[in-house]
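Chemist:
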Amino acid sequence: MKNNIFAETYTQVQELKKQYNAAKAAEDEAGMQAARDAYNLLMDGISTAGESSIRIYRLYEEARDCGNEYIDFNEVVWDKDVAGMVAALRENGITHFTFSSSWSGAVDTAWLFTQNGCRLEGLVEINSPHKAFGSDEYEKAHGYLFSIG
Numbered sequence: 118m119k120n121n122i123f124a125e126t127y128t129q130v131q132e133l134k135k136q137y138n139a140a141k142a143a144e145d146e147a148g149m150q151a152a153r154d155a156y157n158l159l160m161d162g163i164s165t166a167g168e169s170s171i172r173i174y175r176l177y178e179e180a181r182d183c184g185n186e187y188i189d190f191n192e193v194v195w196d197k198d199v200a201g202m203v204a205a206l207r208e209n210g211i212t213h214f215t216f217s218s219s220w221s222g223a224v225d226t227a228w229l230f231t232q233n234g235c236r237l238e239g240l241v242e243i244n245s246p247h248k249a250f251g252s253d254e255y256e257k258a259h260g261y262l263f264s265i266g
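Sequential numbering of the sequence shown, starting at 118, is according to our numbering.
1) Would you say the region 144-154 touches the region 177-195, given that touching needs at least three Cβ pairs under 8 angstroms?
2) Helix or strand or just coil, what does DSSP make of Glu238?
3) Between Ala140 and the rest of its own chain, which residues show a CB-CB distance below 7 angstroms, the 5 nearest in sequence each way excluded?
4) Please give the ranges of any beta strand (DSSP E) in the region 198-255, keeping only runs that are unbroken, at least 3 residues long and fully inside the region.
5) Compare the Cα-Cα distances from Asn220 to each of Val199, Val193 and Ser245 and report the closest residue.
6) Look up Asp145 in the DSSP assignment and say whether it is helix, strand or coil.
7) Output the distance between the C-alpha atoms of Tyr156 and Phe214, rounded to the nearest integer angstrom.
8) Could you tell me the distance, in whole angstroms, from the CA atom of Asp145 to the CA atom of Gly251?
9) Does Tyr127 come out as helix, strand or coil in the three-state DSSP assignment?
10) Go ahead and pull the three-state DSSP assignment for Gly266.
11) Where do the N-terminal and C-terminal ends of the beta strand (DSSP E) with Asp189 fall, by residue?
12) Determine the direct distance from the alpha carbon of Ala143 to that of Phe123, and round the result to whole angstroms.
13) Give the DSSP-derived three-state secondary structure of Gly184 in the structure shown.
14) Using beta-carbon positions only, say whether Glu208 and Tyr127 come within less than 9 angstroms of one another.
15) Assuming Ile211 contacts Ile171 under a Cβ cut-off of 8 angstroms, what Cβ separation, rounded to an integer in Å, is found between them?
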């Protein structure tokens, strides 16, 4: 199985958040700063993994925080970025993602995913990154489910 830097980093960030919150509760400025510094080092490590990696990490984090099984590309994806993003997903052993962007040209972007070795498996309902007004529930969104070949 391939090493998934996004999953590993997410786990480490969750631990750093706990450390930061504990330091904050104890009014430990040095502990808070240590957690921030460690977080920045993790983000530096992600950015050295390639141009698309920071964006993919942010999407991975958002997906996990929203309770989604897969990374969801919910904003515009530029044509020039598709190949690099698919390569980064593939290199990290990510086998599926969703694409719920409603920007104009989204169907053309979906086509580019297929041209870069992804297979459209169907439509799915996911949690959007937005909570319903006055609720802790995430609004639902619909997207294409892709597998990565």
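Glycine included, C-beta positions come from ideal geometry on N, C-alpha and C. In this text the structure is predicted, and so the values were computed from the model without any measurement.
Modeler: So, from the data block:
1) A contact between stretches requires three or more CB pairs, one per stretch, nearer than 8 angstroms, and the region 144-154 fails this requirement with the region 177-195.
2) Strand, per DSSP.
3) Gly148, Met149 and Ala152
4) 213-216 and 235-248
5) Inspection of the sequence shows that residue 220 is occupied by Trp rather than by Asn. For the residues Val199, Val193 and Ser245, the minimum Cα distance to Trp220 belongs to Val193.
6) Annotated three-state conformation of Asp145 is coil, per DSSP.
7) 25 angstroms
8) 34 angstroms
9) helix
10) coil
11) Ile188 to Phe190
12) 30 angstroms
13) coil
14) no
15) Not a contact, Cβ separation roughly 15 angstroms.
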